[in-house]
Amino acid sequence: MLRLLVNLFALPISLALDPPDPKFLWAYPGKLNPNDTVNAGLPTLSNVQHILVHDASTTGRTYAHHASVEYFNDTLYLGFSSGKVDEDQNGQQSWVVTGKLSGSSWTFSKPRIVVGSALLPNQTSEQDYTYWCSRNIAQRASQPNGFVQYQGEVYAIVEFADIVCYNGASSKYTTGAGRMAIALSSDNSVGCWLSQTKYYAEHQYSKTKLPKALCAADLRNGLNALLNSPATTPMSNEKLINTFGKFYGSDGKTPVIEVTHAVWFGGSDGYWQRFWRDSSGSSLLNWVEFSKDKDGKDWFPNTVTPQNDNIFASNIPDSNTKSFFGVLPDGRTYLVHNPQYYPSTRWRQPLALSVANDGVHFDWVRVLRTNASQEWVPDTRNVKRPGLSYPAAAVAGDYLMVLYSEDKEDIWLSQIPISALA
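Residue 82 in numbering that gives the first Met the number 0 sits at position 83 of the sequence shown, with consecutive numbering throughout.
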């Protein structure tokens, strides 16, 4: 294995490295079993500790999702969305928890609401999604979209995705109103806006209790440069939200959303690789994108027009949900995802961890977590169902930490010794 890693990651600078064939990225020798609704026929990963970070039923807010995690300066930063009842409802908040590791045990802070409910003055209480939708009232919802470190400060990045219903709630569309950054070193930091689109004004954000100011130009430029970098690009931004259903793969017809971070392969003449979700659910595959531009200037978010024939359907099975792609300290890459699709139930399990021992081909797959609870607090949109999904991951010392939601209600953190991934 070490020889393979050296060949891939220590290539001479003069030797060009071409992207692999997308149809051979999934090299797991076993087969998925669609009749196994717990493990999908996959072996289970051992030596994993599962930690309940957020029990939504104890907070009076029974929706939690959109996990985000990073590890900076011996601190684990965990982010997730919190809704009163429903996904993407008016008033959906963004919460952050921090963790410190002592030995093999974590100590976590109390949750901090970094972005509160964006309600108008005449919206005196948080109602469920259906209440607002049936009245054709725009719903302002925030969700954590990453953490970045800039000039010694760690910032939570929060995205706004607003839902607008019309025709008596029979139709809807989603808009991106902008993005905020909140410094986390002080509990008193209220944050500032990195961007504001026309929907910021159209949906009357200035009349809510959220801060109104744009970030200072130097901070805005510095953070945006990080957020546009392939290795740290969040899964979405307002450009992608506002072109939903119009950002296509290489076939010109499959819409893709929720991009992963990118991993660089090779020397100066190598390439970036990352994955996309097929939002139509028609292919049931992860889509993969490559770029040889070191700065990623030729792909999202620096452009919202994909290169021709550059986002391909891979052979990696997917259940039509978000995945997370990353690299381990030894150069192996990993993918946290839901590979098995169940058409009759659409349960999102198992949550699997796939490893490419040569950095490219995912030949080792294990169940990270499965058997999600079949009991949850009902929502009015009927989108809750058994599932362990929307993962994010970060390396913290000798561990890979994976954050995800259970049934879109509780937030869990799985601690995996990197030594167990072989």
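Cβ atoms here follow ideal geometry from the backbone N, Cα and C, with glycine treated the same way. The structure presented is a predicted model; accordingly, all values stated were derived computationally and were not measured.
Judged by DSSP secondary structure, ASP54 falls within the beta strand (DSSP E) whose first and last residues are 48 to 54.
Close CB contacts of GLY115 within its chain, under the 8 angstroms cut and outside five residues either way in sequence, are with GLN92, LYS208 and LEU209 (chain order). Look at PHE23 here: in three-state DSSP terms it is helix. In its chain, beyond the 5 residues on either side, PRO300 have a beta carbon closer than 6 angstroms to the beta carbon of ASN236.
Residue environment for ARG331: buried (at least 16 other C-beta atoms within 10 angstroms of its C-beta).
Bounds of the alpha helix (DSSP H) holding TRP131 are 128 to 133.
With respect to the C-alpha of TYR199, the residue from GLY221, THR174 and CYS214 having the closest C-alpha is THR174.
When secondary structure is reduced to three states using DSSP, TYR341 falls in the coil class, being assigned neither helix nor strand. Counting along the chain, the unbroken alpha helix (DSSP H) around ASN220 starts and ends at 216 to 226. Boundaries for LYS383: no alpha helix (DSSP H) harbours it, and the DSSP string shows neither H nor E there. Taking ASP35 as reference, the option from VAL354, VAL401 and TYR341 with the minimal CA-CA separation is TYR341. Boundaries of the alpha helix (DSSP H) harbouring ILE240: 237 to 241, taken from the DSSP string. A distance below 7 angstroms separates the beta carbons of SER322 and ASN285.
Ranked by Cα distance from TRP105, the options THR61, VAL52 and TYR62 are led by VAL52. In the three-state reduction of the DSSP assignment, SER205 falls in the helix class. DSSP places ALA419 within a helical segment (H, G or I) once states are collapsed to three.
Residue state for ALA391 is assigned as strand, using DSSP reduced to three classes.
Excluding sequence positions up to five before and after ALA395, its CB lies within less than 7 angstroms of the CB of TYR70, LEU75 and LEU100, all in the same chain and listed in chain order. Beyond the five residues adjoining it in sequence on each side, ASN46 comes within less than 6 angstroms, by CB distance, of PRO416 and ALA419 in the same chain, given in chain order. Around the beta carbon of THR232, 16 or more other beta carbons sit within 10 angstroms, so the residue counts as buried.
Less than 7 angstroms divides the Cβ of VAL366 from the Cβ of ALA351. Measuring C-alpha to C-alpha distances from GLN272 to each of ILE310, ILE112 and ASP127 identifies ILE310 as the nearest. A direct Cα-to-Cα measurement between GLN142 and PRO42 gives close to 33 angstroms. Around TYR172, the same chain offers VAL163 as residues with beta carbons nearer than 6 angstroms, after the five sequence neighbours per side are excluded. As a beta-bridge residue in DSSP terms, TYR62 pairs with GLY82. Bridge partners of TRP375 according to DSSP: none are assigned. Our two residues, VAL376 and ASP409, have alpha carbons roughly 11 angstroms apart in a direct line. The C-beta distance from SER313 to VAL287 rounds to 5 angstroms, short enough to meet the 8 angstroms contact threshold. Distances from the alpha-carbon of PRO229 to those of THR242, CYS191, ASP297 and ARG276 put ASP297 closest. By the criterion of a C-beta distance shorter than 7 angstroms, LYS291 is surrounded in its chain by TYR270, once the five residues flanking it on both sides are discounted.
Under DSSP, the beta-bridge partners assigned to ALA312 are TRP286.
Between PHE274 and THR259, the CB-CB gap stays under 7 angstroms. With distances taken between CA atoms, CYS132 lies nearest to ASP161 out of SER108, LEU16, GLY151 and ASP161. In the DSSP assignment, MET400 falls within the beta strand (DSSP E) that extends over 398 to 405. An exposed status is given to SER103, since fewer than 16 other beta-carbon atoms sit within 10 Å of its beta-carbon. A check of alpha carbon separations from SER282 across SER205, GLN373, VAL255 and LEU213 identifies VAL255 as the nearest.
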